[in-house]
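Heads up: the structure comes next, in structure tokens.
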Amino acid sequence: MVKKIKIFLGGSINYTNAQNLNCLALAKYLDKEKFIIYTLQYYSGMLKDQRGEIIGVNIFNCFRPAKISLYLGFLWGIWNCDVAYLPKSELWKYNRFLLWLFNKKSFSTVEGIFDEVAFNNAIKAYGSEKSFLSAKKYFTKLYSITAYMNQYNKEKFNIVTEPNTLYLGVENSFVPLANKGNTLNAILMIGNDLVRKGALEYLDIATKFDQIEFILAGSGNGKIDLNKEIKDRNIKNVKYVGMVSTTQLKELLNIVQLHILPSRSEGFPKVILETASAGVPSVIYNDYGADEWITTGENGWVVKTVDQMITLVEALVANPSKLQEASKRAVALAEKFDWKILVKDWEEVIIDVYNSEKN
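Going by UniProt numbering, the first residue of the sequence shown is number 1, and it counts up by one from there.
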């Protein structure tokens, strides 16, 4: 009988942070015939209690105070596992010590382009540039989630990751609506930290198209009062709906025909795949290697400037058949990144880390 590999997923799977949701998806889709899975959740989260929801998964429930129980949770997970997947920066010094103490193998993912702003934020979070860079070197293996990210971060900061890309998946929970109409009449932007993601440019675009409704969803992270900004600019065709649940997002994706994300700094924006799964293609900037997964004019559009975004929307208004074709191909894009498919790559990585020599 082949030994099952014990894998610890170091995220809190009932909390809607990107890394946590990735750990939740892995907990669901990793082959339970090959792996014994350990993971964490908070005593209270945006998602329901996952204990008993996923068969074959062992969950440590972090209790109050979380600052203490989280230490116990990582101790429990790393002690029990053969391989630890640690995608988050929290408690990195403590986790590094545990990996060394128990002689455990591990891997992590680099999930962002470290431009000047992101790099400075990382230095603040880790305390120093030296600490940040050393934090990326204590894993048995380190992967980038896009090929562009691998090359960029290596050239800029000598952050070296494995040559093979470890893509993140998406749960295709949204179904394209059969008939959304034949014209472009509603556009969506969704994200957290909306100012950083280009919400002000999105408002600029909206002022050019009175006949189109522009919907803005997500959080400004306290950096801006978006309702006030819209009112001060006297923009009549923008609706800010704030944070949305999965059900609310599904409803929005049933009424919009296009998604715009005017962010200049992303890793692999999963919202593009989520909207694509509903047949809503995206318009995004080329700053972070998006043409690695989007083919312009086929399943979405990658542009350089806000003026090009405006010109594109004008073209789609004039020729809606282009949008309809992109909508069909966007669904195929999302299917390519379905977690049920991509999980096989992750299983191979876990097995490879398990069989590898420790650094």
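Here a beta-carbon is modelled for each residue, glycine too, at the ideal position from N, C-alpha and C.
Keep in mind it's a predicted model, so treat the numbers as computed, not measured.
Endpoints, the alpha helix (DSSP H) within which K231 is located: For the purposes of this step, residue 231 is taken as residue 231 along the sequence shown, with counting starting at 1. Its alpha helix (DSSP H) spans residues L226 to R233.
The stretch 280-291 touching the stretch 259-267, judged by at least three CB pairs closer than 8 Å: The stretch 280-291, when compared against the stretch 259-267, does touch it at the 8 Å Cβ threshold.
CA-to-CA distance, G73 to I37, given in whole angstroms: Start at 1 with the first residue of the sequence shown, and residue 37 comes out as number 37. Start at 1 with the first residue of the sequence shown, and residue 73 comes out as number 73. Approximately 14 Å between the Cα atoms of the pair.
Burial state of residue 395, where buried means 16 or more other Cβ atoms lie within 10 Å: Any answer about residue 395 is impossible in this case: the structure gives the chain only from 1 up to 359.
Extent of the continuous beta strand (DSSP E) run through A217: Here residue 217 refers to the residue found at position 217 when the sequence shown is read from its first residue. Annotation: the continuous beta strand (DSSP E) that includes A217 extends over E213 to S219.
K28 to F102 span [Cα, whole Å]: Along the sequence shown, one-based indexing puts residue 28 at 28. Along the sequence shown, one-based indexing puts residue 102 at 102. Cα-Cα distance, rounded: 27 Å.
Spatial distance of S277 from A315 (CA atoms): On the sequence shown, residue 277 is found 277 positions in, with the first residue counted as 1. On the sequence shown, residue 315 is found 315 positions in, with the first residue counted as 1. C-alpha of S277 to C-alpha of A315: approximately 23 Å in a straight line.
Segment limits, beta strand (DSSP E) that includes A25: Here residue 25 refers to the residue found at position 25 of the sequence shown. No beta strand (DSSP E) holds A25; the alpha helix (DSSP H) holding it covers A18 to Y29.
Which of helix, strand or coil DSSP assigns to F157: Numbered from its first residue, the sequence shown carries residue 157 at position 157. Three-state result, F157: helix.
Coarse secondary structure for W301, derived from DSSP in three states: Here residue 301 is taken as the residue at index 301 of the sequence shown, counted from 1. For W301, the three-state secondary structure derived from DSSP is strand.
Short Cβ contact (9 Å threshold) for L323 with P281: For the purposes of this step, residue 323 is taken as the residue at position 323 of the sequence shown. For the purposes of this step, residue 281 is taken as the residue at position 281 of the sequence shown. Yes. Within cutoff.
Residue range of the unbroken alpha helix (DSSP H) whose run includes A330: Here residue 330 refers to the residue found at position 330 of the sequence shown. Judged by DSSP secondary structure, A330 falls within the alpha helix (DSSP H) whose first and last residues are P320 to K336.
The stretch 45-52 touching the stretch 69-86, judged by at least three CB pairs closer than 8 Å: The answer is no - the stretch 69-86 does not touch the stretch 45-52, with fewer than three Cβ pairs under 8 Å.
Contact between the stretch 233-250 and the stretch 206-222 (3+ Cβ pairs under 8 Å): Verdict: yes, contact present.
S282 - partner residues in DSSP beta bridges: Mapped onto the sequence shown, residue 282 falls at position 282. BP columns for S282 point to H259.
Span separating the alpha-carbon of I294 from that of L194: Along the sequence shown, read from residue 1 onward, the residue named residue 294 stands at position 294. Along the sequence shown, read from residue 1 onward, the residue named residue 194 stands at position 194. For the pair I294 and L194, the Cα-to-Cα distance works out to about 22 Å.
Cβ shell of V244 (< 6 Å), same chain only, five flanking positions each side left out: Along the sequence shown, one-based indexing puts residue 244 at 244. The beta carbon of V244 is closer than 6 Å to those of A217 in its chain, skipping five residues each way along the sequence.
Proximal residues to A147 (C-beta, below 8 Å), its chain only, five neighbours per side dropped: In the sequence shown, residue 147 corresponds to position 147, counting from 1. Here the set comprises T165, G289 and E292.
Backbone secondary structure at Y38 - three-state DSSP: Translated into positions along the sequence shown, residue 38 becomes position 38. Look at Y38 here: in three-state DSSP terms it is strand.
Which of helix, strand or coil DSSP assigns to N45: Mapped onto the sequence shown, residue 45 falls at position 45. The residue you asked about is not Asn; residue 45 is Gly in the sequence shown. In this structure, G45 counts as coil in the three-state DSSP scheme.
Beta-carbon proximity of V353 to V83, cut-off 9 Å: One-based indexing of the sequence shown puts residue 353 at position 353. One-based indexing of the sequence shown puts residue 83 at position 83. Cβ distance < 9 Å, so V353 and V83 count as in contact.
Distance between I284 and T16 (C-alpha atoms, nearest Å): Against the sequence shown, residue 16 aligns to sequence position 16. Against the sequence shown, residue 284 aligns to sequence position 284. If I take the Cα positions, the gap works out to 23 Å.
Where G191 falls, given that 16 or more other Cβ within 10 Å makes a residue buried: Translated into the one-based positions of the sequence shown, residue 191 becomes position 191. Buried.
Contacting residues, own chain, Cβ-Cβ under 8 Å from I5 (five flanking each side not counted): Start at 1 with the first residue of the sequence shown, and residue 5 comes out as number 5. Excluding residues within five positions, the ones whose Cβ falls inside 8 Å are K34, F35, I36, D82, V83, I350, I351 and Y354.
Simplified DSSP assignment, three categories, for V241: Counted from its first residue, the sequence shown places residue 241 at position 241. It is a strand residue.
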